[in-house]
Amino acid sequence: MTSSFDDFDGLDGQEPDEGLPPLLRRPEPVADPLPVTKLRSTRKELLANPEVSLDEAAANAVTSGAVDPERLQALVAREPINLLTAKPVVGGMLYATPPHYRYLDLDVLPDFINQRWADQLHTAMDVAPSSSVVPVYETVVDPKTGKPLAVFRVRMPDRKALAEAVAESMRKTYNAQNGDNVYTSSVLQQGVKEPLTLFVMRVVFYDDTEDTFLVAGDGNSRLVSMWLARTDGDDIEAAISACTASVIGSTERSGGRSRAEQAATRRRVGELTMRTRKNLAAPTLTEATRREGHTLAFPATVVVGAQADGGGPLADLVAARDDLLATLHVRVTAWTLGAQNTQGMQRVYRHALRERLVTPEVHQVLSGMVGTQAMHEQLRVPAHRLWAAAVHQHAVLAGPHADAMNLLIKQEFGMRKAYRQPISERLAPMALSAYRSKEGIEQPLRAFGNGGTITDRVWKQPWELTKGDDAFGVLDDVLERALAGEEDAVAELTVLGGTAAILDGYITRDRGSKEGTERDSHKAPFRATPVKLLTLLSKTSGGLRMLHSIAVAHVAADPAVLPKLFHTQEREVEGVMVHDGEPMLDKSGVQEILDYEWDLVHAADPAKALETIATNRAKAKAKTNVTSEAPEAEDARQRRLLEQGITGAAKAGRALARMSQKRGNQVFGTFEAVEALRVQLGNLDGILAKFGPADPSIFVVDEDIDGDEEDAE
């Protein structure tokens, strides 16, 4: 007996929930999962195929979740014909099973390793590491043979961290592209018809236990939408809880899943299949049956083999994965430019490690896998995240293999030539990744991406990072050698001081600060890119001293330690000759403090600064110096003075508030002085309220008059 779609959707009450989308395809009954003991022959056939490069744990994950293991066994058997699908990738070939149905609940996780939103990279270097650490994944190498497998490995502290990574993946996927990336309605209408691509993932926990899953590559949105359809339909937290409980299990336990836990999951899937088959045979198709029936299983292909062009094992499965997905999905690239640059540079670093352009110890720092103390122990540079940023810059720009690193970057990002700014844009999210939790990090990222510290002396010329235990001692040593004319020390100080200046807002991108005529924040006497400004500073003794002072203040992170200003030219200042490298003193003889980007730009080239300021003032005067036919009325003049005074006071208050973040609240003066200002402001507010005009939109009702009128009536 056959039924039309109308039998399950319409006025006869077959669809009790009117909020569900119309049914286009009826769910089909699904077979119960087979006991693990009956899967041995399938696993044996899979491992016997010469194109397959899995170990036993990976083969278990591939076979255990198949709805029809016997069909999978026939598909992967070498004889009489090999039905594995060959997928050409750069450097070799991947081999995947033909489409077959898999249970949603068994061993399958959303993609949590190659997040397309992962420009906000948090690393172990950060002082406030986020829970959303981007997992670093790599190709598993068989410990017996030393050959790479078609299996990824990712390290996680415990099951709770794995669950958090999966939860973030599901939330980000659900919220991506303004909600247009969710296919819940489609799943509820007809299930999933387009096969997902799955990869084997080995999770190694910090206690040296491990677990093996399949992770979505192409089709992550569909997989998340299936969990949404299984649960509430639009409650992503409910979908996350269901996925975690079913696939990962308890997050309070350590280590991988036990056989008992996996057996319990298979029993629950069996119960679900039995209930769904029973309810599908009933005359009424309920909402629960529809949800469960369309989300029990989905079609998928699983990558089970990886072979290089020469016939041997494929060394870099991660790069092959990216290349394969680029051919499967029209929008496989990261959703943001920052994410694209982050993931691209991660691949560059991985290639550099494989080609021995960087050491394993340096690669750990570049990948953010170790903290500052471990970095110090491995590389002997000071244990501060400023040096983590410098390690990135040294490895890419000036290490012994800088040319080869540039070639890798060109290959990864499709560049014909490695220009300064494109390199800085790609490097920025990685070099500053240790500062991801810093408030307002977006501005430093833009400044670094606008050329950053890549002066001619820093780029493609040899320099090394000075080793030492004491950060301040290292900075003093670098300054001393730079002042003595050692070019490699000049480059090193440019990187350390320049990075600190970018992070602390003393250098912004070319479009960040506007030219002005008065010393102020977010203003500069003349416009200069970070590279041009650092080039100016690195060529004078005073500039080098300022870079050193900025780096010292950054490392100290103490309101009592502030960057100081130095003269960079020999010239006459108020009748006194000053020389390059001398402290810049105020009228009381105290060395001036660097508060704004304005100060640093002005000090870098005072002659150009004065010339530009004079030009801008002349232009402003020419625009406003218009003779009025009638003199300004006194009330208009007083209003103008009042507005200017209040605007200036508010501006000064905000500037002092910013300074107080670094120098403490003493920048406002004494308590008595501040109280006097507050009294004056209160008096002014009272004057404006008492003598100023009333709000014309307020209608005042005189109750006495109303009362008299009523009495008269």
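The opening position of the sequence shown corresponds to residue 258 in this note's numbering, with each subsequent residue numbered one higher.
Cβ atoms here follow ideal geometry from the backbone N, Cα and C, with glycine treated the same way.
If you drop the 5 nearest sequence neighbours on each side, which residues of the same chain put their C-beta closer than 6 Å to that of V924?
-> Within the same chain, and ignoring the five residues on either side of V924 in sequence, the residues whose Cβ sits closer than 6 Å to its Cβ are L913, M916, S917.
If you count every other CB in all the chains shown that lies within 10 Å of the CB of D566, and 16 or more means buried, which is it?
-> With fewer than 16 other Cβ atoms inside 10 Å of its own Cβ, D566 counts as exposed.
Measure the beta-carbon distance from W720 to E749 and round it to whole angstroms, keeping in mind my assumption that it falls under 8 Å.
-> Yes, they are in contact, since the Cβ atoms of W720 and E749 sit about 5 Å apart, within 8 Å.
Quick one: what's got a C-beta closer than 6 Å to V648's C-beta in the same chain, skipping five residues either side?
-> Excluding residues within five positions, the ones whose Cβ falls inside 6 Å are V622.
Based on the DSSP output, what are the partners of M632 in its beta bridges?
-> DSSP, once it has assigned bridges, lists no residue as partnering M632.
Take the Cβ of E451 as the centre, count every other Cβ of all protein chains shown within 10 Å, and call the residue buried at 16 or more, exposed below.
-> Exposed is the call here.
Across which residues does DSSP place V980 in a beta bridge pair?
-> Missing from the structure shown is residue 980; the chain here goes from 258 to 970 and no further.
CA-CA distance, L665 and L614?
-> Rounded to the nearest angstrom, the two C-alpha atoms are 10 Å apart.
Do the stretch 538-554 and the stretch 281-291 touch if we need at least three Cβ pairs shorter than 8 Å?
-> Cβ pair count under 8 Å is three or more, so yes.
Smallest Cα separation from N663: which of M382, P820, V835, V605?
-> Closest by alpha carbon: V605.
Where T543 falls: helix, strand or coil (DSSP) = DSSP places T543 in coil when its eight states are reduced to three.
Looking only at C-alpha atoms, which of G625, M427, H620, R516 sits nearest to S478?
-> Nearest to S478 by alpha-carbon distance, out of G625, M427, H620, R516, is M427.
One or two residues paired with V461 in a DSSP bridge = Answer is R412, E467.
Counting only the same chain and skipping the five closest in sequence on each side, list residues whose C-beta sits under 7 Å from that of E467.
-> Short of 7 Å from the beta carbon of E467, and not among the five residues preceding or following it, lie these beta carbons of its own chain, in chain order: R459, V460, V461, G513.
Residues that DSSP places opposite Y360 in a beta bridge = In the DSSP assignment, Y360 forms a beta bridge with A554.
Please name the residue in I807, A495, R359, A539 whose C-alpha comes closest to that of F470.
-> The candidate whose alpha carbon is nearest that of F470 is R359.
Does the beta-carbon of E682 have 16 or more other beta-carbons within 10 angstroms, so that it is buried, or is it exposed?
-> It is buried - the Cβ of E682 has at least 16 other Cβ atoms within 10 Å.
A314 lies in the alpha helix (DSSP H); which residues open and close that run?
-> Membership of A314 in the alpha helix (DSSP H) is indicated by the continuous run 313-321.
Alpha-carbon spacing of H779 relative to G838, whole angstroms = Going from the Cα of H779 to the Cα of G838 covers about 26 Å.
Would you list, in sequence order, the uninterrupted alpha helix (DSSP H) runs of no fewer than 4 residues that lie entirely inside the stretch 706-758?
-> DSSP assignment within the stretch 706-758 yields the following whole alpha helix (DSSP H) runs of 4 residues or more, N-terminal first: 728-740.
What residues are listed by DSSP as bridge partners for V840?
-> Correcting the residue identity first, residue 840 is Pro in this sequence and not Val. Answer is F823.
For G527, I'd like the list of residues in its chain whose CB is within less than 8 Å of its CB, leaving aside the five on either flank, ordered along the chain.
-> Cβ neighbours of G527 beyond the five flanking positions: D289, P290.
Kindly identify the DSSP beta-bridge partner or partners of K771.
-> DSSP, once it has assigned bridges, lists K780 as partnering K771.
Flag this pair as yes or no: are the beta carbons of A353 and V559 separated by less than 9 Å?
-> A Cβ-Cβ contact shorter than 9 Å links A353 with V559.
Of the residues R297, T501, V472, G474, the one placed nearest L485, counting alpha carbons only | For L485, the nearest C-alpha among the options comes from T501.
Answer with buried or exposed for G943, where buried requires no fewer than 16 other C-beta atoms within 10 angstroms of its C-beta.
-> Counting Cβ neighbours within 10 Å, G943 comes out exposed, since fewer than 16 surround it.
Given L636 as reference, the closest of V619, A864, P820 once Cα atoms are compared = Closest option to L636, Cα to Cα, is V619.
Enclosing beta strand (DSSP E) for E395 [first to last residue] | That run of the beta strand (DSSP E) goes 394-398.
Please say whether I680 and I711 have beta carbons closer to each other than 9 Å?
-> In this structure, I680 lies closer than 9 Å to I711 by Cβ.
With L351 as the anchor, note down where its beta strand (DSSP E) starts and where it stops.
-> That run of the beta strand (DSSP E) goes 349-353.
Of all the options A315, F729, D777, which has the alpha carbon lying nearest to the alpha carbon of D399?
-> For D399, the nearest C-alpha among the options comes from A315.
Do you know whose CA, among L790, L822, Q597, lies nearest G846's CA?
-> For G846, the nearest C-alpha among the options comes from L822.
Close-in-space but distant-in-sequence residues of the same chain around D734 (CB under 8 Å, 5 per side omitted) = Taken in chain order, the residues that qualify are T723, G725.
According to DSSP, is T488 helix, strand or coil?
-> Three-state DSSP puts T488 in coil, outside helix and strand.
Around the Cβ of V931, are there at least 16 other Cβ atoms within 10 angstroms (buried) or fewer (exposed)?
-> Taking all protein chains in view, the Cβ of V931 is surrounded by fewer than 16 other Cβ atoms within 10 Å, so the residue is classified as exposed.
E308 beta carbon less than 9 Å from that of V575 = Taking 9 Å as the Cβ cut-off, V575 and E308 do not qualify as a contacting pair.
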